[in-house]
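This report refers to the structure that appears directly beneath it.
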Amino acid sequence: MASKQKITLDQPQAIPLDRLRLSDANVRRIKPGQSVAELADSIARRGLLHNLNVRPILDSEGNPTGDFEVPAGGRRYRALQLLVKQKRLANNAPIPCRVRVANDDILAEEDSLAENSERVNLHPLDQFRGMQALAAKGNAVEDIAAHFFVTPAVVRQRLKLASVSPKLLDIYGDDGMSLEILMAFTLTDDEERQIQVWEMVEHDFQPSASFIRQRLTENSVRVSDKRVRFVGLDAYVEAGGSVVRDLFEVDHGGWLTDVGLLDRLVAEKFEAEAARIGEEGWKWIDAAIEHVFNPGRGMRVLAGDEVPLSAEEEKLGADLEAEGEALSNEWSDADEVPDEVHTRLEEIDAEISRINDRPIVFDAAEIAIAGAFVSIDIDGRLSVERGYVKPEDEPEAEPEEGDQGTDEGANDAGAGDGSSKSVSSAPGQSAAVPEDDEGALKPMSERLVSDLTAWRTLALQDAFAKCPETAYIAVLHAFVLSCFYGYSRESCLQTSINSVHFSNAPAGLRHCAPGQAIAERIDEWRGRLPKSDKEVWDWLLELGDEDRASLLAHCASLGVNAQAEIVRGYDGRVSAHGIARRLAHSHVLARAVGLDVVEAGWRPTADGYLSSVPKPRILADVAEARGENFAGMIDHLKKGDMAREAERLLEDAGWLPEPMRTPELESAAIPAPEATAPANDEADGELPAFLADEGGEDAGDPEAIGAE
């Protein structure tokens with residue numbers, strides 16, 4: 001039996017470059033662009049790694065001309081020509097070529113198509129490991145990047161991927177995980193931890209890269225955290241702290257891994273800052289990393305005086321405004337504005353803001369009775385709220401000239417007996433006279449003054465009711481005094497705003513979007529109001545109608561209470577039935593103002609909501625918002641992992657838990673109490689469903705973290 005003839009491969013021949021011509025049979029017609037220059041640099045460094053495929057060019061009679069066409073290797077041919085043009089290669093340099101006969105049975109187009117279509121790119125894992133091998137042999141990251149025409153950041157990414165646990169790399173090489181999942185594991189160098197987290201998600205239908213990142217950083221603190229901004233990342237690193245970075249995602253600076261060190265640095269700096277503020281002479285300093293909402297509730301706030309601008313500051317501000325306006329005009333019509341122009345405009349705005357943010361000075365006598373709240377703002381700056389006077393620290397009011405009497409409730413013993421010891425005088429009367437002045441009129445008794453002014457009160461009430469404009473201003477006046485001037489006594493109208501005090505206020509309430517907006521409005525009005533409560537009435541008379549309405553709405557808003565407070569029986573302040581009626585009316589207000597809690601910025605986060613409910617509630621919430629399929633994706637997870645993954649699923653779902661929803665009109669009726677029901681616990685009527693008992697359907701679940 002005859003054996004099959006073995007294949008014989010053509011041996012390369014050296015042909016001068018100036019005898020080669022690009023063939024029309026080359027199937028690559030689209031210009032390769034910048035890759036030719038990169039290939040030329042590669043050839044200059046490494047030589048020609050692949051021979052050219054050429055065929056002899058025949059004349060009209062079929063004889064060889066000595067020139068050769070290049071049907072396969074056109075990009076290499078162009079790169080060689082570029083090297084000649086750059087005078088880096090001789091025009092007649094010998095080029096290794098595989099030469100086919102002119103009339104070969106294999107068409108030139110077939111050679112060209114096969115060479116380009118049969119090429120297989122490296123698997124990414126081979127590329128990662130290849131770069132890792134170069135780095136292991138002493139090649140610098142910058143050199144590797146230059147040799148392969150990529151940025152150093154790309155090389156660092158590839159090296160980081162190659163450093164993941166070999167077990168996970170093998171799974172990736174066998175298509176057991178996506179590149180996105182592999183990238184998530186680069187957040188830690190702890191291979192054991194990488195494998196632990198992979199075992200949590202390997203059986204998921206669609207493993208989540210974000211979940212893996214959360215698990216790998218759950219005991220870390222983001223660089224964007226306000227505590228890090230407060231002490232400074234450099235100070236943390238100098239103290240020996242470490243930072244991990246995500247090379248593949250926007251990580252806002254990474255994560256700090258030594259939380260204990262961070263907390264110690266924050267405590268040390270914060271205590272020093274609080275002590276420095278205390279040296280200003282305040283009677284008390286209330287220092288906390290984060291204060292509850294409205295810590296100065298019920299206190300009077302000192303106005304203080306702004307330090308005026310100096311001549312130098314005024315000139316600097318004017319120069320900066322002129323420079324900013326000139327830059328804006330110069331680039332207003334440009335399609336692209338250089339980064340340095342943007343940077344300069346931002347610097348100008350920041351400097352102008354710094355100049356206009358004037359320090360406030362207070363009278364030394366006022367500082368002696370007032371205090372300050374010190375905390376860390378959401379952006380990491382030290383927040384100092386100065387000038388709060390507690391009611392018990394208010395100075396005793398001095399009697400006005402001629403007023404030698406006592407306030408209401410004083411002892412009127414001896415009234416009407418002619419004794420000058422009854423010293424209260426009616427309006428318009430002179431004060432008590434000496435006993436030896438027998439011809440002078442004695443003041444009226446306190447009882448008589450009380451009787452006469454009672455009659456006058458009714459007359460004033462009647463006239464007041466007939467003058468709505470004055471009534472409007474009087475109510476606004478009383479509201480402003482109670483909201484901005486603490487325990488002011490400058491109004492005869494017995495109405496005020498009882499600013500809401502949140503029981504069990506959640507952490508971060510001051511920094512939520514609505515809380516920030518309210519704080520900004522308070523600061524704005526406080527800056528416009530007169531310093532003394534005695535001047536408020538005249539100031540309101542001069543205020544425009546639109547501003548009066550806005551001020552009234554602001555003051556009234558501070559008294560809106562839609563919190564479902566925890567009530568165990570009747571505590572003398574509020575009952576379960578009273579809360580139910582309050583909540584019912586809050587729905588009326590919510591519909592009237594078009595309340596949208598999602599638009600206001602609330603999201604079902606793991607820390608703020610999901611960690612405080614048991615697993616069945618989390619699954620029910622996800623199913624309601626996204627569907628049963630999504631709930632099934634996380635039902636096998638542990639409580640903490642489930643909460644974090646549910647946060648991701650619910651982030652953009654527009655979903656709200658029941659207590660935050662505004663019910664439809666038919667369910668908003670205010671429940672009427674029983675005619676004979678006493679105002680105490682069980683007899684006070686039923687609460688809404690989510691208040692029916694302390695734990696609801698979540699009570700008793702050992703995983704309900706928030707249950708108390």
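The letter at position 517 of the sequence shown is residue 517 when you use my numbering, and the numbering goes up by one with no holes. Glycine residues also receive a C-beta, built at the ideal position from the N, C-alpha and C atoms. Quick caveat, the model's predicted, so the values are computed rather than measured.
Whether residue i touches residue j by CB criterion (8 Å)
| i | j | result |
| --- | --- | --- |
| residue 16 | residue 64 | no |
| residue 512 | residue 499 | no |
| residue 529 | residue 536 | yes |
| residue 278 | residue 361 | no |
| residue 374 | residue 389 | no |
| residue 606 | residue 647 | yes |
| residue 224 | residue 244 | no |
| residue 481 | residue 370 | no |
| residue 471 | residue 464 | yes |
| residue 68 | residue 76 | no |
| residue 164 | residue 182 | yes |
| residue 132 | residue 159 | yes |
| residue 518 | residue 556 | no |
Residue i versus residue j: straight-line alpha-carbon distance, rounded
| i | j | result |
| --- | --- | --- |
| residue 110 | residue 103 | 13 Å |
| residue 328 | residue 310 | 27 Å |
| residue 282 | residue 359 | 16 Å |
| residue 101 | residue 62 | 12 Å |
| residue 407 | residue 444 | Because residue 407 carries a pLDDT of 43, less than 50, the predicted location of this residue cannot be relied on, and the following value inherits that uncertainty. If you take the alpha carbons of residue 407 and residue 444, they lie about 15 Å apart. |
| residue 451 | residue 459 | 13 Å |
| residue 173 | residue 192 | 19 Å |
| residue 263 | residue 515 | 26 Å |
| residue 123 | residue 228 | 40 Å |
| residue 674 | residue 583 | Caution is warranted here: a pLDDT of 44 is assigned to residue 674, below 50, making its placement in the model unreliable, and the coordinate value is therefore given only provisionally. Approximately 18 Å, taken between the alpha carbons. |
| residue 292 | residue 611 | 21 Å |
| residue 195 | residue 167 | 8 Å |
| residue 307 | residue 344 | 27 Å |
| residue 531 | residue 213 | 53 Å |
| residue 346 | residue 339 | 11 Å |
Residues bridged to residue i (per DSSP)
| i | result |
| --- | --- |
| residue 53 | 72, 98 |
| residue 64 | 58 |
| residue 360 | 306 |
| residue 373 | 286, 385 |
| residue 598 | Bridge partners of residue 598: none, in fact. |
| residue 21 | 69 |
| residue 516 | The partner list for residue 516 (beta bridge, DSSP) is empty, contrary to what the question assumes. |
| residue 15 | 95 |
| residue 262 | According to DSSP, residue 262 bridges with nothing at all. |
| residue 222 | 255 |
| residue 480 | The partner list for residue 480 (beta bridge, DSSP) is empty, contrary to what the question assumes. |
| residue 588 | Its beta-bridge partners do not exist; DSSP assigns none. |
| residue 300 | 389 |
| residue 244 | 255 |
Proximal residues to residue i (C-beta, below 8 Å), its chain only, five neighbours per side dropped
| i | result |
| --- | --- |
| residue 349 | 324 |
| residue 624 | 655 |
| residue 82 | 36, 37, 40 |
| residue 719 | No information on residue 719 is available, as it lies outside the stretch 1 to 708 that the chain covers here. |
| residue 637 | 200, 645 |
| residue 559 | 497, 498, 499, 500 |
Residues near residue i in its chain [Cβ-Cβ closer than 6 Å; skip 5 each side]
| i | result |
| --- | --- |
| residue 218 | none |
| residue 73 | 52, 53 |
| residue 188 | 216 |
| residue 552 | 476 |
| residue 641 | none |
| residue 380 | 226, 229, 230 |
| residue 128 | 158, 161, 162 |
| residue 20 | 68, 70 |
Below-8 Å beta-carbon distance, residue i vs any chain C residue
| i | result |
| --- | --- |
| residue 613 | Here there is only one protein chain, and chain C is not present. |
Check: residue i C-beta below 7 Å from any heavy atom of the ligand MN
| i | result |
| --- | --- |
| residue 393 | Here there are no bound small molecules, and the ligand MN is not part of this structure. |
Close-in-space but distant-in-sequence residues of the same chain around residue i (CB under 7 Å, 5 per side omitted)
| i | result |
| --- | --- |
| residue 485 | 300, 533 |
| residue 591 | 662 |
| residue 709 | Residue 709 cannot be examined here, being either before or after the span of the chain that is shown, 1 to 708. |
| residue 393 | 283, 369 |
| residue 478 | 491, 493, 495, 496 |
| residue 144 | 131, 134, 135, 155 |
For this session: Please list the segments of the beta strand (DSSP E) lying wholly inside the segment 98-186, counting only runs of 3 or more residues, in order along the chain.
Result: none
Problem set entry | Secondary structure, alpha helix (DSSP H): runs of 4+ residues fully inside the segment 527-580 | 536-542, 545-557
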